[in-house]
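Visitor: Got a structure for you, written out below as structure tokens; questions coming shortly.
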Amino acid sequence: MVISKICCIGAGYVGGPTCSVMALKCPDIKITVVDRSVERIAQWNSDKLPIYEPGLDEVVKQCRNKNLFFSTDIETAIREAELIFISVNTPTKTYGNGRGRAADLKYVEGCARMIADMSQNSKIVVEKSTVPVRAAESIMHILKANHKPGVRYDI
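Letter 56 of the sequence shown, counting from 1, is numbered 56 in UniProt numbering, and no numbers are missing.
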């Protein structure tokens, strides 16, 4: 599989900077960072980025609207991409087993469900959030349980 389009779900402290540098280093690959937060995406598309990293402003300015895009259109980005990064928040659980100590994977699992629902062709899925051991197995289980015929996932 040749990778020409990448989607990153999550425009926070990990997804935004990581994909900005990837866009700088891989100018022939279209990279779209998506998030449900209209405000956060508007900041990534402005001169006042939502986070500070030394040199990040220049990297984003150099790549934005060339091969680096920030959008709230999660569905289109997932459908177009061959490679998808899941880079969403993993807060501490506030309920059940591990309450107050374990990572809550509801956002990661929600992304896996969205990917399965919206994908029309095979994908490589990379988990880029802070997650416990075996999270990839959980993601694969969700993808396999909800996949469409002819769609394959590599984690």
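Note that beta-carbon positions come from the ideal geometry of N, C-alpha and C, so glycine has one too.
(1) DSSP state of serine 20, grouped into three classes?
(2) Hey, how far is the Cα of proline 149 from the Cα of methionine 140?
(3) From what residue to what residue does the alpha helix (DSSP H) around glutamate 137 run?
(4) Evaluate the contact criterion for the region 59 to 68 versus the region 90 to 110: three or more CB pairs, one atom per stretch, below 8 Å.
(5) Note down, in chain order, each residue of its chain lying with its Cβ closer than 6 Å to the Cβ of glutamate 53, except the 5 sequence neighbours on either side.
(6) Does the region 79 to 93 come close enough to the region 107 to 121 to have 3 or more Cβ pairs within less than 8 Å?
(7) Nearest to cysteine 7 by CA position, among Ile51, Cys26, Leu56 and Glu80, is which residue?
(8) Starting from isoleucine 78, trace the alpha helix (DSSP H) in both directions and tell me its first and last residue.
(9) Would you tell me roughly how many angstroms separate the C-alpha atoms of aspartate 57 and threonine 130, rounded to the nearest one?
(10) Below 9 Å between beta carbons: does that hold for leucine 68 and lysine 123?
(11) If you drop the 5 nearest sequence neighbours on each side, which residues of the same chain put their C-beta closer than 6 Å to that of arginine 152?
(12) Does lysine 93 get closer than 9 Å to chain C when you measure Cβ to Cβ?
(13) Quick one: what does DSSP say glutamate 53 is sitting in, helix, strand or coil?
(14) Going by C-alpha to C-alpha distance, which of His147, Ser138, Ala77 and Val126 sits closest to lysine 106?
(15) Below 7 Å CB to CB, which residues in the same chain sit around phenylalanine 70 once its five sequence neighbours on both sides are set aside?
Guide: The relevant details are as follows:
(1) helix
(2) 16 Å
(3) 135 to 146
(4) The region 59 to 68 vs the region 90 to 110: no contact.
(5) So the qualifying residues of the chain are Pro17.
(6) yes
(7) Of all alpha-carbon atoms in Ile51, Cys26, Leu56 and Glu80, the one lying nearest the alpha-carbon of cysteine 7 is that of Glu80.
(8) Segment 74 to 80, the alpha helix (DSSP H) holding isoleucine 78.
(9) Each residue's CA atom was taken as its position, placing aspartate 57 and threonine 130 some 25 Å apart.
(10) no
(11) Ser122
(12) In summary, chain C is missing from the structure at hand, where a single protein chain is found.
(13) coil
(14) Selected option, being the one with the closest Cα: Ser138.
(15) Ala11, Val33, Ile41, Trp44 and Asn45
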